[in-house]
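K.L.:
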Amino acid sequence: MRIFVRILALAWHYPKHLLAAFFFLAASNGFALSIPYLLGETVDEVLVSGTGSELLEFAMLILLVYLLRGIFAYGQQYMSEWASQLVSFGLRNDLYHKLQNLSFGFHDTQQTGDLMSKATADVEAIRGFIQGGVLRATQIMVLMGGTLGVLFITNWRLALVSMSFIPFVIWRASVVNLSLRRLWLYIQTILGQLTTVLQENLTGVRVVKAFGAERFEEQKFEILAEQISESTVQSSRLQSANTASMIFFFSVVTAAILWMGGLEIVSGRLTPGELTKFIFYMGLVTAPIRMSGFIINNFSRAVSAGQRVFELLDAPSHIQENTNAQILVNPKGRVTFANVSLVYRDGKRVLSDLSFEVLPNEVIGLLGRPGSGKTSIAHLVPRFYDADSGRVTIDGIDVRDLTLTSLRQHVGIVMQDVFLFSDTIEANIAYGNLHASSEEVIRAAKVAQLHEFIDNLPEGYQTLIGERGITLSGGQRQRLAIARTLLLDPPILILDDTTSSLDAITERLLREALSKVMMGRTTFVITHRVHSVRHADQILVIEDGVIVQRGKHEDLVLQDGQYRTVYRLQLQPIEPDVEEVFRSTQDS
Ligand SMILES: Nc1ncnc2c1ncn2[C@@H]1O[C@H](COP(=O)(O)OP(=O)(O)OP(=O)(O)O)[C@@H](O)[C@H]1O
Ligand SMILES: [Mg+2]
């Protein structure tokens, strides 16, 4: 019921359209209601009295009423479509806005396909109900109310008989509604899963092909598609059985009226014209009764869709802006972690009691094995996640006391997995910085060692990438992501494993270019490679979410520990070993 009221409230956002639709509805049904009355009058006044003189006038009047009814019915249809389109437009935008503002933590727990299905199929179900269901249900009530009123005035005994089917309709409607709601919730959930399979299959098409998993994927899809098709057929079965039983009961009532009406005419309490009215009035409500099965289906579907959509709209964002959050202005860039611990939603503790400080303009290196927690540390600075205990501060201000926009404007992060939009290279570099000039874009691309490559493309910076254009290599994507972040010119810069896909020469060029960029800003360099951090002001070695070593390169190489082990493996020349092997083969 709560969901139903909320759906109605959505429609009420557009009162003018809705009221206009209701006005047309009332008018068209008013005319519809007067038709049986006119027919009854024709029988009594013209036919039974036997004069036949006003027959033509009555026929013309009835024609006119039909015409007006048609015109208003058109208006009703048009306005209800309009109102429902406005509702779905508003709802989709609300959902999209909500999705933009939900935190990383929320997205960790959601399947993209399911979210897509909510924004499309579920919104459409709600729209269909507003357009069809809400108005049609009102129409039924208006018609039934009008019909019963006229019938009671004409002959209350017969009116009581004709009312006898109403409790039956209500009982059937509530029983069927319950089963249908369960069914629709199931169908919509499976539809979400189907969309997820489709979305993952399309984005992961290369993996699917590489592993020859086409058949496996098809089966996954087929099973879900079959469940949807079976359940939808089941819902139709319920709907048809419901309609059929209602029509049957209704026919029984009509037959009873015919029989009792006959007796009433014989006893002189009813005229033939009045019986004609009765029969035609019953005919008038037949169509809506026939529709009621459809409306109940429509209603059940909309309510279960509403449940899914409102769940998303009401989802709390774990990263909330403080009510009196302050705007970060020109930070110097002192970043401090004080006893920071982080537990992800699955309950896993990934960072424990980390404390360190990076002074303005310093470079800090984070080195550690895959999964040690480096990215997790970085994600706490722009508040993609919040620490469970301890504080992360910028210039001494807790990041939780800053507005999200101003915080993220000042913290530039080049992420480990690069995402590019289906747009031009220039638009991708300028993403998030709409005011950037072409010169600025080129300058950023030059620092990122990507300018030469772009310049050699036939369409240069206007080359499209993604589905409609060229595909970039892993290293090119990484450099594009660097250019994108550099363009923001952030005082705090985080480079998360940004050189992992580069060859030795490009990497050196990039490192040299970046070392110039790092001047005048606080930089986090996250890496597996010692030479990326050997000039850093301080290096933290992370293992299982704790700092196991810290210091400068010169100190760390002297200590026994992970840093020295990695250093030896990566930086000490390996040629002597090769020579040794060669010599030993010669000897033997
Ligand atoms: N969003 C998340 N939800 C739950 N667990 C996560 C999430 N992100 C990372 N983890 C877990 O936290 C641990 C640390 O991950 P993190 O990404 O910080 O490692 P990393 O040091 O950056 O590794 P790599 O060098 O491979 O990038 C891992 O065990 C990972 O499985
Ligand atoms: Mg990482």
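Under the working numbering, residues 789 to 1376 are what the sequence shown spells out, in order.
Glycine is no exception: its CB is placed at the ideal position from the N, C-alpha and C atoms.
From residue 1002 to residue 1015, what does the alpha carbon distance come to, in whole angstroms?
P.N.:
When rounded, the distance between both Cα atoms is 20 Å.
K.L.:
Considering only heavy atoms of ligand 1, does any lie closer than 7 Å to the CB of residue 1204?
P.N.:
Indeed, a heavy atom of ligand 1 lies less than 7 Å from the Cβ.
K.L.:
Buried or exposed: residue 1292, going by 16 or more other Cβ atoms within 10 Å of its Cβ?
P.N.:
Label assigned to residue 1292: exposed.
K.L.:
State the start and end residues of the unbroken beta strand (DSSP E) segment that holds residue 1311.
P.N.:
Start and end: 1310-1315.
K.L.:
Which runs of the alpha helix (DSSP H) spanning at least 4 residues fall entirely within the stretch 944-1015, listed in chain order?
P.N.:
Segments of the alpha helix (DSSP H) lying fully in the stretch 944-1015: 944-951, 954-991, 993-998.
K.L.:
How would you write the range of the alpha helix (DSSP H) that residue 1068 sits in, first residue to last?
P.N.:
Segment 1060-1101, the alpha helix (DSSP H) holding residue 1068.
K.L.:
Quick check on the burial criterion: 16 or more other C-beta atoms within 10 angstroms. Buried or exposed for residue 1382?
P.N.:
Limits of the chain in this structure are 789 at one end and 1376 at the other, which puts residue 1382 out of reach.
K.L.:
Could you check whether the Cβ of residue 1170 sits closer than 7 Å to any heavy atom belonging to ligand 1?
P.N.:
Checking the Cβ of residue 1170 against ligand 1 gives no.
K.L.:
Please report the distance separating the alpha-carbon of residue 1315 from that of residue 1118.
P.N.:
Those two C-alpha atoms are separated by around 28 Å.
K.L.:
For residue 990 and residue 1143, I'd like the C-alpha separation in whole angstroms.
P.N.:
Distance between the alpha carbons of residue 990 and residue 1143: 43 Å.
K.L.:
At a cut-off of 7 Å, is residue 1158 close to ligand 1 when judged by its beta-carbon and the heavy atoms of the ligand?
P.N.:
Because some heavy atom of ligand 1 lies under 7 Å away, the Cβ of residue 1158 counts as near it: yes.
K.L.:
Buried or exposed: which applies to residue 888, given that a residue is buried once 16 or more other Cβ atoms fall within 10 Å of its Cβ?
P.N.:
When all chains shown are included, residue 888 counts as exposed.
K.L.:
Less than 8 Å between C-beta atoms, sequence neighbours within five positions excluded: which residues of the same chain meet that for residue 1068?
P.N.:
So the list reads 823, 824, 827, 828, once near-sequence residues are dropped.
K.L.:
Could you check if residue 804 belongs to the surroundings of ligand 2, using beta carbon to heavy atom distance under 7 Å?
P.N.:
Residue 804: no, Cβ never under 7 Å from ligand 2.
K.L.:
Would you report the Cα separation of residue 877 and residue 796, rounded to the nearest angstrom?
P.N.:
About 15 Å.
K.L.:
Along the chain, where does the beta strand (DSSP E) that runs through residue 1378 open and close?
P.N.:
With the chain represented from 789 up to 1376, any question about residue 1378 goes unanswered, as that position is not in the structure.
K.L.:
Does ligand 1 have a heavy atom nearer than 7 Å to the CB of residue 1132?
P.N.:
Yes, the beta carbon of residue 1132 sits closer than 7 Å to at least one heavy atom of ligand 1.
K.L.:
If you drop the 5 nearest sequence neighbours on each side, which residues of the same chain put their C-beta closer than 7 Å to that of residue 1233?
P.N.:
Correct list, in chain order: 1217, 1239, 1242, 1271.
K.L.:
Using 10 angstroms around the beta-carbon of residue 895, count the other beta-carbons present and answer buried if the total reaches 16, otherwise exposed.
P.N.:
It counts as exposed.
K.L.:
Measure the Cβ-Cβ separation of residue 801 and residue 870 and say whether it is below 8 Å.
P.N.:
Contact: no.
K.L.:
Tell me whether residue 1162, by its Cβ, gets closer than 7 Å to a heavy atom of ligand 2.
P.N.:
Because some heavy atom of ligand 2 lies under 7 Å away, the Cβ of residue 1162 counts as near it: yes.
K.L.:
Do you know offhand how far residue 904's Cα is from residue 1194's?
P.N.:
Each residue's alpha carbon lies about 29 Å from the other.
K.L.:
Would the beta-carbon of residue 1337 fall within 8 Å of that of residue 1345?
P.N.:
No. Outside cutoff.
K.L.:
Leaving out five residues on either side along the sequence, give the residues of the same chain with a beta carbon under 7 Å from the beta carbon of residue 1098.
P.N.:
Closer than 7 Å at the Cβ level, and outside the excluded window around residue 1098, lie 791, 794.
K.L.:
Just reading off the alpha helix (DSSP H) that residue 896 is part of, what are its end residues?
P.N.:
Residue 896 -> alpha helix (DSSP H) spans 892-896.
K.L.:
Express the C-alpha separation of residue 1108 and residue 1391 in angstroms, rounding to a whole number.
P.N.:
Residue 1391 lies beyond the range of the chain shown here (789 to 1376); nothing can be said about it.
K.L.:
Can you say whether residue 897 is buried or exposed, counting buried as having 16 or more other CB atoms within 10 angstroms of its CB?
P.N.:
So residue 897 ends up on the exposed side.
K.L.:
Under a three-way DSSP split, which group does residue 1169 fall into?
P.N.:
The answer is coil: DSSP assigns residue 1169 none of H, G, I, E or B.
K.L.:
Going by DSSP in three states, residue 1284 sits in which element: helix, strand or coil?
P.N.:
Three-state result, residue 1284: strand.
K.L.:
Report the three-state DSSP secondary structure of residue 902 (helix, strand or coil).
P.N.:
It is helical.
K.L.:
Can you tell me the Cα-Cα spacing of residue 1073 and residue 929, whole angstroms?
P.N.:
So the two alpha carbons sit approximately 10 Å from each other.
K.L.:
Give the straight-line distance between the Cα atoms of residue 1296 and residue 1121, rounded to the nearest whole angstrom.
P.N.:
The straight-line gap from Cα to Cα measures roughly 26 Å.
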